[in-house]
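Throughout the sequence shown, residue numbering follows the working numbering, covering 6 to 432 in sequence.
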Amino acid sequence: MSLEEIGKEYLQKAYPIVYPIVLERARGIEIWDSKGNRYLDFFSGFGVINYGHSHPKIVQAVKDQMEKIAHIGMIYYNVPALQLAKKLAEISPGDLKKVYYANSGTEAVEGSIKLAKKYSVKEQGKTGAYVIAFDYAFHGRGALTLTLTHERKYKRLLGHFANYPGVVHLPSPYCFRFPGDEETCKQYTLEKVDEYIRYHLGPENVAAIIMEPVMGEGGIIVPPDGWLKELEKIARENDVLLIVDEVQSGFGRTGKIFGHEWDNVNADIMTMGKALGAGLPLAGTITTEKIDSAWEPGDHNVTFSGNPVACAAGLAGIEVLLEEKLHENALKVGELIMGKLRDSSLSIIGEVRGRGLFIGVELVKEGKKPNPEATKKVKDLMFKKGYIIGTGGMFGNVVRIEPPLSVSAEQADKMTDDLIESIKEAS
Ligand SMILES: Cc1ncc(COP(=O)(O)O)c(C=O)c1O
């Protein structure tokens, strides 16, 4: 039985396997499959490998920790969990200081809502019945997180399991598809949030607003400058907590350490995942001392919380990020890719948008109609040329470029030329 056949025979059908290749080893942005074919990774395993595949410093940290202690559980402290918590507090914006560890972004988001609800009931004396999320949002695929996620295709046949009461979706600042200019889009979407809290739901019933600084799965939607800061103002005026979901936008991806730094926002809770574990499953939340006071010991925990090996990898990863200034490289190389794509002036490209190396290319037909067929073709053509890229967006018409942040300008330049060629071929 070949490896591919084992995959078909023994893995559940839920996995969206796009190409049945078996990836075996990787280094930097290069990946090799079991047949020796080489690919350049411009997707980083859903935006996880920010620091490059198999970075020697991260590999060493994992080996060293594995020899010391692999797991113990957070009823005791362990060295990497403590060191990483301190490091996260140092690099997080504003008053974010208190860390909780989870395994996945889904769990981190669930934990953030649980904490916000507790805080709003216990410390603010509210009902805390509602949480506001946004159209096009993606926050995971558990029960509550599926509810917070907007896209209906993930919720089919799941009934209440994917539609918890108390989650309200409001229009997101997806200004490319807004019938008006960017300023009107900005004002309209912000006014809706304020209006809903004040007049439809009542501030006393709203525990939190949750927002991705750049909406990844929804199609790399970048809010207008200042939008998130205005959202923070609305949250403050109405005494509602602001949760920033940095699972995908964190750890240098947008050209800053965290995506909400673009707007100098002070969040109440930040969720983290993906790159946090530098390739190992690790996620978490970080909050202020004030909000943390709502927990009682034992209120929240999971078996693998604070796993020493994952935390050691995460700590080494942050050191690599800071030492190699990968966020600065992301900003520079991201501008290069986006600039070149914009200059191509292809009519099929509706919009090129992004921050740092979190880039979306929205492909359209006449009248801005989504073009998912061409998008799929581009992905296939790029694959044939040896590139792994992503696609996404509510309409499946956004090419997603999210390479490791260590990608060189030369590698990015060549990829962009090949991408432009592929888009022309798919048109
Ligand atoms: C912003 C955001 N939040 C949460 C999640 C869920 O993370 P995970 O797949 O690790 O559960 C994702 C995953 O793509 C995400 O992009």
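The beta-carbon is built from N, C-alpha and C at its ideal position, and this holds for glycine as well. Please read all numbers here as calculations on a predicted model, not as lab measurements.
For residue 258, the closest C-alpha among the options 239, 278 and 269 is that of 278. For secondary structure counted as the alpha helix (DSSP H) over 4 or more consecutive residues, the region 188-274 holds these complete runs in sequence order: 232-242.
In the three-state reduction of the DSSP assignment, residue 166 falls in the helix class. Assigned with DSSP and collapsed to three states, residue 57 falls in coil, not helix or strand. Judged by the Cβ position, residue 144 qualifies as a neighbour of ligand 1 at the 6 Å threshold, a heavy atom of the ligand being closer than this.
For residue 307, there is no enclosing alpha helix (DSSP H), as DSSP marks it with neither H nor E. For residue 106, the enclosing beta strand (DSSP E) starts and ends at 103-107. Between residue 245 and residue 214, the C-beta spacing is below 7 Å. Shown here, residue 140 sits in coil according to DSSP, grouped into three states, outside any helix or strand.
Taken from the Cβ of residue 111, at least one heavy atom of ligand 1 lies inside 6 Å. Secondary structure of residue 16 (DSSP, three-state): coil. Around residue 373, the same chain offers 355 as residues with beta carbons nearer than 6 Å, after the five sequence neighbours per side are excluded.
Going by DSSP, residue 422 is part of no beta strand (DSSP E) but of the alpha helix (DSSP H) stretching over 414-431. Residue environment analysis places residue 359 among the buried positions, since at least 16 neighbouring C-beta atoms fall within 10 angstroms of its C-beta. Among the bridge pairs identified by DSSP, residue 406 is matched with 364.
Looking at the backbone, the Cα of residue 114 and that of residue 125 are separated by about 16 Å. Taking a 10 Å sphere around the C-beta of residue 191, we find 16 or more other C-beta atoms and assign the residue as buried.
Taking a C-beta distance under 7 Å as the contact criterion, residue 28 and residue 36 qualify as a contact pair.
Under DSSP, residue 356 shares a beta bridge with 367.
Counting the other CB atoms within 10 Å of its CB gives residue 58 a total of 16 or more, which places it among the buried residues. Rounded to the nearest angstrom, the gap between the Cα atoms of residue 250 and residue 91 is 20 Å. For residue 250, the CB falls within less than 6 Å of some heavy atom of ligand 1. Excluding five sequence positions before and after residue 194, the CB atoms of its chain that fall closer than 6 Å to its own CB belong to 176 and 178, given in chain order.
For residue 71, the three-state secondary structure derived from DSSP is helix. Beta-carbon to beta-carbon, residue 218 and residue 265 are separated by about 4 Å, close enough to satisfy the 8 Å threshold. Relative to ligand 1, even the nearest heavy atom lies 6 Å or more away from the CB of residue 319. The closest heavy atom of ligand 1 lies less than 6 Å from the beta carbon of residue 217. For residue 146, same chain residues with a beta-carbon under 8 Å away, outside a window of 5 residues either side, are 111, 154 and 159 in chain order. For residue 41, the closest of 122, 26, 180 and 414 by C-alpha to C-alpha distance is 26. Beta-bridge annotation (DSSP): residue 35 is paired with 32 and 45. For residue 174, the beta-bridge partners assigned by DSSP are 138. Here DSSP, grouped into helix, strand and coil, assigns residue 401 to coil. The C-beta of residue 428 has 16 or more other C-beta atoms within 10 Å across all chains shown, which makes the residue buried.
Residue 75 and residue 313 have their C-alpha atoms spaced approximately 6 Å apart. Pairing residue 78 with residue 247, the inter-Cα distance amounts to about 29 Å. With a threshold of 6 Å, the Cβ atom of residue 70 does not count as near ligand 1, since no heavy atom of the ligand is closer than that.
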